[in-house]
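If you read the sequences in order, they're chains Y and E.
Quick note: full-length UniProt numbering has the first sequence finishing at residue 265, numbered continuously throughout.
Quick note: full-length UniProt numbering has the second sequence finishing at residue 495, numbered continuously throughout.
Even glycine gets a Cβ: it sits at the ideal position worked out from N, Cα and C.
Quick caveat: nothing in here was measured; it's all calculated off a predicted structure.
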Amino acid sequence: MNDMRILERDVDANAIKIAAKGVQVYYGDTHAIKDVDVDIQDKTVTAFIGPSGCGKSTFLRCLNRMNDTIDVARVEGDIRIDGEDIYDKAVDPVQLRAKVGMVFQKPNPFPKSIFDNVAYGPRIHGLAKNKSDLDDIVERALRRAAIWNEVKDRLAAPGTGLSGGQQQRLCIARAVATEPEVLLMDEPCSALDPIATAQVEELIDELRQNYSVVIVTHSMQQAARVSQKTAFFHLGNLVEYGETGQIFTNPEDPRTESYITGRIG
Amino acid sequence: MALSLTGYVVLAVLVLTIAAFFAAKSKAKSTANGDVRLLHSLPNYYGYNAAMFTAVPALGIMLIWLLAQPMMIENSVFKLIPERIVEEGSSRGLVMSDVRRVAEGLDIAVAQGAITDTEADNIRSEARDIRALLGEVGVALGSDVEPEVLFAAQEYRTLSSVGAFWMAVVVLGVAFIGAAVSIVVSKADFRARNTVERGALALLILAASLAIMTTVGIVLSMLFESINFFRLHSWTDFFFGGSWAPNFRGDSDLSILPLLWGTLYISVIALLVAVPIGLFAAIYLSEYAGPKVRSAAKPLLEILAGIPTIVYGLFALLTVGPALVSIFGRGDQGLLGVEWMSGATAVLTAGLVMGIMLIPFVSSLSDDIINAVPQAMRDGSFGLGATQSETIRQVVLPAALPGIVGAVLLAASRAIGETMIVVLGAGAIAKFSLNPLEAMTTITTRIVSQLTGDTDFASPETLVAFALGLTLFVLTLGLNVLALYIVRKYREQYE
Chain Y
1 MNDMRILERD VDANAIKIAA KGVQVYYGDT HAIKDVDVDI QDKTVTAFIG
51 PSGCGKSTFL RCLNRMNDTI DVARVEGDIR IDGEDIYDKA VDPVQLRAKV
101 GMVFQKPNPF PKSIFDNVAY GPRIHGLAKN KSDLDDIVER ALRRAAIWNE
151 VKDRLAAPGT GLSGGQQQRL CIARAVATEP EVLLMDEPCS ALDPIATAQV
201 EELIDELRQN YSVVIVTHSM QQAARVSQKT AFFHLGNLVE YGETGQIFTN
251 PEDPRTESYI TGRIG
Chain E
1 MALSLTGYVV LAVLVLTIAA FFAAKSKAKS TANGDVRLLH SLPNYYGYNA
51 AMFTAVPALG IMLIWLLAQP MMIENSVFKL IPERIVEEGS SRGLVMSDVR
101 RVAEGLDIAV AQGAITDTEA DNIRSEARDI RALLGEVGVA LGSDVEPEVL
151 FAAQEYRTLS SVGAFWMAVV VLGVAFIGAA VSIVVSKADF RARNTVERGA
201 LALLILAASL AIMTTVGIVL SMLFESINFF RLHSWTDFFF GGSWAPNFRG
251 DSDLSILPLL WGTLYISVIA LLVAVPIGLF AAIYLSEYAG PKVRSAAKPL
301 LEILAGIPTI VYGLFALLTV GPALVSIFGR GDQGLLGVEW MSGATAVLTA
351 GLVMGIMLIP FVSSLSDDII NAVPQAMRDG SFGLGATQSE TIRQVVLPAA
401 LPGIVGAVLL AASRAIGETM IVVLGAGAIA KFSLNPLEAM TTITTRIVSQ
451 LTGDTDFASP ETLVAFALGL TLFVLTLGLN VLALYIVRKY REQYE
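Here it is, written out as structure tokens:
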């Protein structure tokens, strides 16, 4: 694994963005997340790895309260973003999700034009003062998602007509356009080919300058390539959390080692 | 009751079929020396195969024979009727029906023992009063029987019994040959299973083509009657004239436009009621309601769809109409103190009730379509911080819009074709008016009224019903095709 050589990761001593303590999630009678504690740093890419069904996506969805849209899901524990408890009654989940953007596993552009897809969030939240301001926001988001050059001549074309990789970058642009502070990505490359994956990974690395990025991935190479911190989940437990280089070269827990060497999964 | 010859033939074929089933089955088993594993197919398949070859060709030939024989007999008997009998203003067809009636009468007389079979064949109208004879056995004739008619009727009887005899011979022969051949071939390596499979396929194709042929038949019969109508009445007046005033003494104004106006006006009011209510109900049920509410509310809503339309018609006539009159009519005693509405039947009455009828139609189709919008769309919108109603308005509904348009078009085609509600609720006056409180009439109501009571199928006043029906059919067919096209196009988008 060539990528393992990029081990000199510049992790600044950043402030903690998200602090989770004793998080439990239940789906009906199933105990999906068991007592997870994790501190996610600002301006860092944090990867969640683990076998299927280990709860990493569930935990990710706790961070912007997307689990609220599932009737049977119940979340306990304490999750704070910038010190504020996001499960407090005073917090409006709708406002929270504007602050904590999300990119999904499968590209899900709305059946609207490329422009309207990106302008969706800013319009809902009233981020643009006028039409030209909105144009600027859309252009900036598309540039940041590294797709501007490909779509600048056809902003009125439907977003669903783009290729898979372009659609996913459009979805990233859409998430970025609302100026979130945290960007959650749930296996953003699982539906993409290697070239599109490389583009999205490059993009994730650039987004790190402005956001705290949390990415769920099944690909350990991807976790190793893009993240500074890695958390390994297994059967609803957070087994190990630390520097990515540390996790991949010298894991403390035998389960982590088994997983990354391919013995459990 | 004694069976006719046809009945005995059917019975014989069935008995033969059952016999062939068991014979072929045991024949197949014996060729495999009792070891079922050596057979190509399970033993029953050999039986089914034999039964199929015994019954199907024989009964098929019988069916064709029964359809063809009367036509051929009539053609030959037809020549026996001289010009003289065909009176002024009458036709050969009418005389032929007399012949058939006399022939049937003779059959009944023989069956009741009033006369013998040979007597029936040789009786002469000069010798005996045939009218009185047949009257005794319960066959009433309109006039005395002419000798030529009686002769034709006797010929008719003879030919019929000869035909029936040969039919029995041919059908039983075919059944025997089918049974014999299929029993002989029932050996261990005969692929009975594949043959039965092809038989099943043929049955399914037959069912599918029957449905299609019936539709074609309906359209053709409407088309021919419409052509008859357009021979008697100018098509320009029918399609472009401005007045509907049928008059059974002739010289009527028969134009579709005033009826079309009433139809469309009532349908538009119905859709104005049904589409918003149905759509909002669908949105609530698919997006907001919990599983408990949904499982209770959806069947309740669909009960509306199970109410017969005549009941809706009564509701319109007895409840909604008078309620509207008490609001918009009755002068000073009315709710608004106005005198705008005089009777219970009005465009608004029929439109409102038809709208209620269409609610479950719109809501259940829209509900399916809204549910078909991928959850990923909603997640994407929620993930950007949109509220539920923003998500529905800006993501779910635009994604579902083509399908909803399709649903609305289907509802529109039902509204246009709806009959009972408008018969009872809309009134009978054909006119162009914008006032929804006036009575108007629709295409379907006029079809009903033109065809009820004593009708003469040679007058344009009756035949106009077929032209109206055909126009209505083309209209709703067009709407349905358009709706299906839109719905299908939408489905492709998410697959």
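Proximity test, Cβ basis, 7 Å: glycine 126 of chain Y and chain E: no
Cβ distance (whole Å) where alanine 282 of chain E is taken to contact isoleucine 370 of chain E below 8 Å: 6 Å
Residues of chain Y with CB closer than 9 Å to the CB of valine 395 of chain E, please, in chain order. Phe110, Pro111, Lys112, Tyr120
Taking the alpha-carbon of isoleucine 429 of chain E as reference, which of E:Ser389, E:Thr441, E:Phe238 has the nearest alpha-carbon? E:Thr441
Less than 7 Å separating the beta-carbons of glutamate 240 of chain Y and aspartate 253 of chain Y? yes
Proximal chain E residues relative to cysteine 171 of chain Y, where beta-carbon distance stays under 8 Å: Gly380
Note down, in chain order, every chain B residue with its Cβ under 8 Å from the Cβ of alanine 98 of chain Y. Absence of chain B from the displayed structure is noted, the protein chains being Y and E.
Looking at leucine 155 of chain Y: is its Cβ nearer than 7 Å to the Cβ of phenylalanine 110 of chain Y? no
To the nearest angstrom, how far is the alpha carbon of glycine 355 of chain E from that of alanine 344 of chain E? 17 Å
Between the alpha carbons of threonine 58 of chain Y and isoleucine 33 of chain Y, how many angstroms are there, rounded? 8 Å
Span of the beta strand (DSSP E), counted from its first residue to its last, around serine 212 of chain Y: 212-216
Pop quiz: phenylalanine 466 of chain E and methionine 71 of chain E are said to be a contact at Cβ under 8 Å. What is the actual Cβ separation, rounded to whole angstroms? Contact flag wrong, Cβ pair sits at about 25 Å.
Inter-residue spacing [alpha-carbon to alpha-carbon] between methionine 1 of chain E and alanine 179 of chain E: In this predicted model, methionine 1 of chain E has a pLDDT of only 41, less than 50, meaning its place in the structure is not dependable; the value taken from the coordinates is given anyway. Whole-angstrom Cα-Cα distance: 30 Å.
Could you tell me the distance, in whole angstroms, from the CA atom of glycine 55 of chain Y to the CA atom of serine 219 of chain Y? 16 Å
CB-CB under 6 Å to tyrosine 48 of chain E, same chain, minus the five flanking residues each way: which ones, in chain order? Val196
Hey, would you say leucine 39 of chain E sits closer than 7 Å to alanine 50 of chain E, going by beta carbons? no
Alanine 346 of chain E to tryptophan 244 of chain E span [Cα, whole Å]: 18 Å
Would you call the stretch 62-73 of chain Y and the stretch 24-31 of chain Y touching, i.e. three or more CB-CB distances under 8 Å? yes
Does isoleucine 247 of chain Y have its Cβ less than 7 Å from a Cβ in chain E? no
Extent of the continuous beta strand (DSSP E) run through glycine 77 of chain Y: 73-81
By alpha-carbon positions, which one of E:Gln112, E:Gly113, E:Ile81, E:Ile108 ends up nearest to leucine 99 of chain E? It should be pointed out that residue 99 of chain E corresponds to valine in this sequence rather than to leucine. It is E:Ile81.
Proximal residues, the stretch 285-304 of chain E versus chain Y, C-beta separation under 9 Å: Gly290, Pro291
Starting from threonine 391 of chain E and walking both ways along the alpha helix (DSSP H), at which residues does that stretch end? 388-391
Between the C-alpha atoms of alanine 399 of chain E and serine 286 of chain E, what's the straight-line distance to the nearest angstrom? 15 Å
Can you confirm whether glutamate 390 of chain E, when its beta carbon is compared against all beta carbons of chain Y, has any partner nearer than 7 Å? yes
Could you tell me whether any Cβ in chain E is nearer than 7 Å to the Cβ of phenylalanine 115 of chain Y? no
Three-state class that DSSP yields for methionine 4 of chain Y in the structure shown: At methionine 4 of chain Y, the pLDDT of 48 sits below 50, so the modelled position is not reliable; the number obtained from the coordinates is stated separately. It is helical.
Quick check: valine 353 of chain E and isoleucine 266 of chain E, are their CB atoms within less than 7 Å of each other? no
Tell me whether glutamate 252 of chain Y sits in a helix, a strand or coil according to DSSP, three-state version. coil
Return the CA-CA distance between isoleucine 443 of chain E and tryptophan 65 of chain E, expressed in angstroms with no decimal places. 41 Å
Beta carbons nearer than 7 Å to chain E: which residues of the stretch 77-96 of chain Y have them? Val94, Gln95
Does methionine 102 of chain Y come within less than 7 Å of chain E when only Cβ atoms are used? yes
Starting from the N-terminal side, write out each stretch of the alpha helix (DSSP H) that is 4 residues or longer and does not extend beyond the stretch 212-283 of chain E. 235-240, 257-283
How many angstroms separate the CA atom of proline 122 of chain Y from the CA atom of glutamine 24 of chain Y? 33 Å
Enumerated in chain order, which unbroken segments of the alpha helix (DSSP H) with a length of 4 residues or greater are wholly contained in the stretch 99-173 of chain Y? 114-125, 131-144, 148-151
For aspartate 189 of chain E, name the three-state secondary structure that DSSP assigns. coil
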